[in-house]
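A.B. asks: Just passing along the structure, written as structure tokens.
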Amino acid sequence: MRHWSVTAALLCALILPAPALSEAAKTLRDLPPARKPTPLESYVLVDPVMVSIVAENRTRGILVVEFGLNVPDGTLREEVPIRERRLRDGYVRTLTLYASSSLRPGRPPDVEAIATRLQRVTDSVLEQQGAQVLLMQVMVRNMR
């Protein structure tokens, strides 16, 4: 008997908020679309990549890189969302390697080296050149 009362209580808890959720969904649909950082059609925004800075088997900080891709070729631009997961995996891998081998806490990151690494990954995953990496922000947060 107790089992049924618990199940009934859970079902009521799940069913009752449904109208409130549908109202929230309608509100979200009515919001204007998010503003792009640039009016260029060729610009593809990439989610920020964050990796840990590890030294002496301890996390010493976090490297955050925000960037986008300028892809003037329309057919190549259509490939970017298709290969987004592979691109992100490559970005995380190369930045993790950079953060653990070349970046030291208390020193500024080498923005040119980061851009070169990201460009190499982009060209490799897309299997051709034509997408240019445009860095927006590179930030290091040191931890103590």
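Residue numbers (the working numbering): 1 to 144. The beta carbon of each residue, even a glycine, is placed where N, CA and C say it ideally should be. Note that the coordinates shown come from a computational prediction; the quantities given were computed from them, not determined experimentally.
Quick one, are the C-beta atoms of residue 49 and residue 64 less than 9 Å apart?
C.D. replies: Walking along the sequence shown from the start, residue 49 turns up at place 49. Walking along the sequence shown from the start, residue 64 turns up at place 64. Their beta carbons are under 9 Å apart, which means residue 49 touches residue 64 by this criterion.
A.B. asks: Residue 111 to residue 128, Cα distance in whole Å?
C.D. replies: Walking along the sequence shown from the start, residue 111 turns up at place 111. Walking along the sequence shown from the start, residue 128 turns up at place 128. In a straight line, the C-alpha of residue 111 is about 23 Å away from that of residue 128.
A.B. asks: My output table needs one value for residue 51: the three-state DSSP class, helix, strand or coil.
C.D. replies: The count along the sequence shown starts at 1 and reaches residue 51 at position 51. DSSP places residue 51 in strand when its eight states are reduced to three.
A.B. asks: Using only alpha-carbon positions, find the residue among 109, 135 and 130 that is nearest to residue 67.
C.D. replies: For the purposes of this step, residue 67 is identified with residue 67 of the sequence shown, where counting begins at 1. Out of 109, 135 and 130, 135 has the C-alpha closest to the C-alpha of residue 67.
A.B. asks: With a threshold of 6 Å on Cβ separation, who are the neighbours of residue 100 within its own chain once the five nearest residues in sequence on each side are excluded?
C.D. replies: Against the sequence shown, residue 100 aligns to sequence position 100. So the qualifying residues of the chain are 54.
A.B. asks: Classify residue 118 as helix, strand or coil using the three-state DSSP reduction.
C.D. replies: Translated into positions along the sequence shown, residue 118 becomes position 118. Here residue 118 sits in helix by DSSP.
A.B. asks: Which residue wins for smallest C-alpha separation from residue 122, given the options 108, 93, 143 and 140?
C.D. replies: Position 122 of the sequence shown, counted from the first residue, corresponds to residue 122. Nearest C-alpha to residue 122: 93.
A.B. asks: Give the range of the alpha helix (DSSP H) segment to which residue 88 is assigned.
C.D. replies: Here the question's residue 88 lines up with position 88 in the sequence shown. Per DSSP, residue 88 belongs to the alpha helix (DSSP H) from 84 to 101.
A.B. asks: Tell me whether residue 144 sits in a helix, a strand or coil according to DSSP, three-state version.
C.D. replies: Taking the sequence shown and counting its residues from 1, the one referred to as residue 144 is at position 144. Residue 144 falls in the coil class under three-state DSSP.
A.B. asks: Taking 9 Å as the threshold (C-beta atoms), are residue 141 and residue 62 in contact?
C.D. replies: For the purposes of this step, residue 62 is identified with residue 62 of the sequence shown, where counting begins at 1. For the purposes of this step, residue 141 is identified with residue 141 of the sequence shown, where counting begins at 1. Closer than 9 Å, so yes.
A.B. asks: How many Å lie between residue 109 and residue 95 at the Cα?
C.D. replies: To locate residue 109, count along the sequence shown from 1; it is residue 109. To locate residue 95, count along the sequence shown from 1; it is residue 95. Roughly 11 Å separates the two Cα atoms.
A.B. asks: Residue 57 to residue 76, Cα distance in whole Å?
C.D. replies: In the sequence shown, counting from the first residue as 1, residue 57 sits at position 57. In the sequence shown, counting from the first residue as 1, residue 76 sits at position 76. Near 40 Å, if we compare the C-alpha coordinates of residue 76 and residue 57.
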